[in-house]
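Written below as structure tokens is the structure these notes are about.
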Ligand code: GRF
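Residue numbers (UniProt numbering): 22 to 224.
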């Protein structure tokens with residue numbers, strides 16, 4: 022089974038996926054890592070792991086449609102069963118989402134549906150929540166709004182800062198993302214006809 026990973030930054034989730042792959046816990050092979058930011062550290066991680074690392078800078082395209090069209094082409098060259106969004110900081114066009122519907126997983130640093138969008142840790146802290154966390158979800162046209170498949174929680178203490186929360190959440194992201202990817206590639210997790218199933222049961 023073939024995986025393409027999209028990133029924009031450090032790629033610590035990518036590193037967790039590579040680690041899982043090394044230990045045969047991913048259910049597939051990462052064939053390419055694509056970044057819209059040419060300087061993303063994650064590209065270096067990919068290269069060092071012997072994975073094709075592609076920089077596709079969005080600044081070189083006139084429109085979102087043109088960029089996503091180019092992205093679709095690069096992705097399809099690798100014939101992926103699954104596209105993993107691991108910190109890919111771009112809003113996707115409907116055309117892109119429809120092309121890969123049911124084959125795209127994203128990780129988001131909040132317990133969705135709470136805190137869609139950016140600055141999730143700061144917003145959770147400002148609200149004084151006791152529990153925060155991360156979610157893996159299928160990607161749909163609604164930003165951070167697709168069906169959730171797996172979440173991990175962490176406690177928020179009065180001592181927490183944005184940085185400490187980010188660290189706690191990241192540690193949990195690295196645990197749950199490879200699991201969800203493996204479920205999908207094993208055929209256990211599916212998203213079809215607007216419904217998520219795991220082992221044939223509605224989630
Ligand atoms: C993670 O917090 C993820 O939830 C969000 O972007 C961040 C990516 O971090 N979508 P990294 O590049 O994997 O370190």
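We put the CB at the ideal spot given by N, CA and C, even for glycine.
Owing to the predicted nature of the structure, the values given are computational and were not obtained by experimental measurement.
Within the same chain, 170, 217, 218 come within 7 Å of residue 224 by CB-CB distance, once the 5 residues on both sides are set aside. Rounded to the nearest angstrom, the gap between the Cα atoms of residue 166 and residue 44 is 32 Å. Relative to ligand 1, even the nearest heavy atom lies 6 Å or more away from the CB of residue 131. In this structure, the beta-carbon distance from residue 25 to residue 96 falls below 7 Å. DSSP places residue 23 in no alpha helix (DSSP H) but in the uninterrupted beta strand (DSSP E) bounded by 23-28. The Cβ atoms of residue 136 and residue 124 lie no closer than 7 Å to each other.
For residue 159, the enclosing beta strand (DSSP E) starts and ends at 152-159. Proximity to residue 152 across 40, 159, 181, 138 peaks at 181, based on C-alpha coordinates.
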